[in-house]
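Using numbering that gives the first Met the number 0, you'd call the opening residue of the sequence shown number 0 and step up by one each time.
Just below is one structure, and these are the notes that go with it.
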Amino acid sequence: MKSIRKSKGISPVIGTVILVAIAIVISIAAAFWMTGLLSSFTGYEKLTISASLSRITGREYNLTIVVTNDGTVSTNVTKILINGTDQSGIFRQSFPVEIPPGSTVSLILNTNEKIYLTPGRPVKITVVTLRGSYETNLVPP
0 MKSIRKSKGI SPVIGTVILV AIAIVISIAA AFWMTGLLSS FTGYEKLTIS
50 ASLSRITGRE YNLTIVVTND GTVSTNVTKI LINGTDQSGI FRQSFPVEIP
100 PGSTVSLILN TNEKIYLTPG RPVKITVVTL RGSYETNLVP P
């Protein structure tokens, strides 16, 4: 029988060092990939809302809602609720309204007696976006 010649390979220490180096390189690459992937999902929406009313006649008001996007991603205002009722259809703008980061949009409507506002009684205004809703209260003069 022919003897099998022992071949020399790399030493176990060098093999271990190579395996550890490969594992470190792969984990660093995965970390960079995950950081890039997560940064696209971790943007946040933060809206600041202020509203003002000016009386036209009797029960008619001009309502101006100023929405500022203080977040890091664009947001879409899908509807406006006044005292819990969707009033998006009577605003001058058509919905959805896109607000880029750092921008401000004024949403204006004339109540035209479709919304009854009582002087001195608070009005709850809710701005609804694709990611949530934001409320503010306003007291008509």
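No residue lacks a Cβ here, since even glycine has one placed at the ideal position from N, Cα and C.
Remember, predicted model here, so these are calculated numbers, not experimental data.
Practice task
Using alpha carbons as the reference points, say which of I13, T74, F31 lies closest to T128.
Solution key: Comparing alpha-carbon positions, the option among I13, T74, F31 lying closest to T128 turns out to be T74.
Problem - beta strand (DSSP E) segment containing V72, residue limits - result: DSSP places V72 outside any beta strand (DSSP E), giving it a letter other than H or E.
Practice task
Counting only the same chain and skipping the five closest in sequence on each side, list residues whose C-beta sits under 6 Å from that of T47.
Solution key: If the five residues before and after T47 are omitted, its C-beta is found closer than 6 Å to the C-beta atoms of T67, D69, all from its own chain and listed in chain order.
Problem - Contact under 7 Å by Cβ, T125 with L80 - result: Note that the C-beta distance between T125 and L80 is below 7 Å.
Handout entry: Under 7 Å between C-beta atoms of Q105 and V138
Key = For the record, residue 105 in the displayed sequence is Ser; it is not Gln. Contact flag unset, no.
Handout entry: Between the CA atoms of I98 and T15 - distance to the nearest angstrom
Key = Cα to Cα, T15 sits roughly 55 Å from I98.
Practice task
Using three-state DSSP, classify L108 as helix, strand or coil.
Solution key: Note: L108 maps to strand in three-state DSSP.
Practice task
Quick one: grab the DSSP three-state call for T41.
Solution key: Judged by DSSP in its simplified three-state form, T41 adopts coil rather than helix or strand.
Exercise for the section: Provide the residue span of the beta strand (DSSP E) that contains S132, from first to last. Expected result: Counting along the chain, the beta strand (DSSP E) containing S132 begins and ends at 132 to 137.
Practice task
Within the same chain, show all residues whose beta-carbon is closer than 7 Å to that of T71, passing over the 5 residues directly before and after it, in chain order.
Solution key: For T71, where only same-chain residues beyond five positions count, the Cβ hits under 7 Å are G42, Y43, P100.
Exercise for the section: Quickly, what does DSSP pair L46 with across the bridge? List them, please. Expected result: Answer by DSSP bridge pairing, in chain order: N68.
Exercise for the section: Check F94 in the structure and name its three-state DSSP category. Expected result: Note: F94 maps to coil in three-state DSSP.
Practice task
Classify V15 as helix, strand or coil using the three-state DSSP reduction.
Solution key: Note that residue 15 is Thr in the sequence shown, not Val. In this structure, T15 counts as helix in the three-state DSSP scheme.
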